[in-house]
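Residue numbers (my numbering): 166 to 280.
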Ligand SMILES: C[S@@+](CC[C@H](N)C(=O)[O-])C[C@H]1O[C@@H](n2cnc3c(N)ncnc32)[C@H](O)[C@@H]1O
């Protein structure tokens with residue numbers, strides 16, 4: 166599928182998407198909070214609350230399109246016995262921010278991948 170938009174390129178092209186999030190990664194956390202009037206945090210919490218519990222403790226999960234790891238605090242709070250989370254994001258800027266979050270919280274249960 167192609168979605169050409171006057172001068173912006175194909176919005177479904179992974180290179181285009183990566184560029185958008187690379188450019189906004191330094192402001193993404195504040196930007197998403199302010200532009201959604203705080204709803205993004207509520208949606209993340211509601212999304213995690215609606216997830217089925219893993220059948221066993223120590224389960225492994227994936228956070229695809231993880232951004233800077235905004236959803237991790239909610240996941241780790243609800244599933245405190247989770248074994249590990251593999252987080253994947255296409256943007257190197259978001260990836261770098263996610264690594265900063267990991268270091269700040271010394272979370273050994275989360276592994277971040279760029280892809
Ligand atoms: C709207 S942000 C959501 C970030 C985070 N999950 C949150 O709760 O705010 C979407 C994320 O998806 C990533 N993304 C978009 N297309 C992707 C793809 N094809 N593969 C991996 N990550 C992708 C972007 O880089 C961006 O960080």
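Just so you know, even glycine gets a beta-carbon here, dropped at the ideal spot from N, CA and C.
Item, Value
"Give the C-beta separation of residue 187 and residue 181 to the nearest angstrom, bearing in mind that I take them to be a contact with Cβ-Cβ under 8 Å.", "So it is not a contact: roughly 11 Å between Cβ atoms."
"Is it right to say residue 275 is buried, meaning 16 or more other beta carbons lie within 10 angstroms of its own, or is it exposed?", "buried"
"Within 6 Å: the Cβ of residue 204 and any heavy atom of ligand 1?", "no"
"Three Cβ pairs or more, each shorter than 8 Å: is that satisfied between the segment 205-212 and the segment 245-258?", "no"
"Please report the distance separating the alpha-carbon of residue 233 from that of residue 262.", "5 Å"
"Compare the beta carbon distance of residue 273 and residue 248 with 7 Å and say whether it is the shorter of the two.", "no"
"Rounded to whole angstroms, what is the Cα-Cα separation between residue 259 and residue 200?", "18 Å"
"Classify residue 214 as helix, strand or coil using the three-state DSSP reduction.", "helix"
"With 16 other CB atoms within 10 Å as the buried threshold, where does residue 269 fall?", "exposed"
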